[in-house]
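For the sequence shown, counting from 1, position 130 maps to 130 in my numbering; every step adds exactly one. Here's the structure we're looking at; comments come further down.
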Amino acid sequence: MPENPFRSAMIIDSDSPSRARWDVYLSGYAWHDRDTYTEKQLNKMNENTLGGGIGRSIRNERGNDEGVYVIRIRDSNERPQWMAGYVYQWVFPVVSKYEVSAGLTALLIRRHDWFEGRPFPALLPVASFGTHKAQLTATYVPHLSMRKGKGNIVLLMLKMSL
């Protein structure tokens, strides 16, 4: 990986003016594991996590994607959730123009019900399927607490590169 991952995602070098691209993120669904939450909790949950964001990304010299982003969604409790971070995904061509990607995102998350609403860091897995310009992206939030009702969530988003 580059020495400073944020720098490479933000620079447009003069030899390749279209190398860095703007991305639009649209969020729409968060699946909550049925064994992690009680029936009462699930009935109160919002799984339609509508929201969106913007980002800046590149396809690096190795053919992998890296970028930075800022996203706001409506969380499981119908409250705003902010996320800002860096993502790196290894890209694997499948057939024709389609590809599968897998990687990690290092981010800051701000939720009203965690850490008294203060941003906190996270490192999460990311997987995508689609083309270079449009991808369905999934992020998994693991079960981090011994009590029921925290984690085991899959967040789905659509990423479109302009």
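We put the beta carbon where it would ideally sit given N, CA and C, even for glycine.
Secondary structure of residue i, DSSP reduced to three states
| i | result |
| --- | --- |
| Gly67 | strand |
| Lys44 | helix |
| Glu39 | helix |
| Glu99 | strand |
Residue i, buried or exposed, once every other Cβ within 10 Å from all chains shown has been counted against 16
| i | result |
| --- | --- |
| Asp33 | exposed |
| Lys44 | exposed |
| Thr38 | exposed |
| Tyr88 | buried |
| Ile58 | buried |
| Asp13 | With a pLDDT of 48 at Asp13, under the threshold of 50, the modelled position of this residue cannot be trusted, and the question is left open. |
| Ser161 | buried |
| Glu116 | exposed |
| Ile191 | With the chain covering only 1 through 162, there is no way to say anything about residue 191. |
| Pro17 | Model confidence at Pro17 stands at a pLDDT of 43, short of 50, so the residue's coordinates are unreliable; what they give is reported in the following sentence. So Pro17 ends up on the exposed side. |
| Asp23 | buried |
| Ser96 | exposed |
Nearest neighbour of residue i, chosen from the options [CA to CA]
| i | options | result |
| --- | --- | --- |
| Met157 | Phe120, Pro142, Met83, Arg111 | Met83 |
| His143 | Glu99, Asn77, Leu124 | Leu124 |
| Pro80 | Val24, Arg110, Gly28 | Arg110 |
| Leu26 | Gln135, Glu61, Arg19, Asp65 | Gln135 |
| Tyr69 | His132, Thr105, Gly28 | Thr105 |
| Ser76 | Tyr98, Ala30, Phe115 | Ala30 |
| Leu155 | Gly130, Lys133, Val126 | Val126 |
| Thr137 | Glu47, Glu99, Val95 | Glu99 |
Under 7 angstroms between C-beta atoms of residue i and residue j
| i | j | result |
| --- | --- | --- |
| Pro93 | Leu108 | no |
| Arg171 | Gly51 | The question about residue 171 has no answer here: the residues shown for the chain are numbered 1 through 162. |
| Asn64 | Trp90 | yes |
N- and C-terminal bounds of the beta strand (DSSP E) containing residue i
| i | result |
| --- | --- |
| His132 | Premise fails: His132 is in no beta strand (DSSP E) and is neither H nor E. |
| Lys159 | 153-161 |
| Ala30 | 21-32 |
| Ser76 | Counting along the chain, Ser76 falls outside any beta strand (DSSP E), and DSSP gives it neither H nor E. |
| Gly53 | 51-59 |
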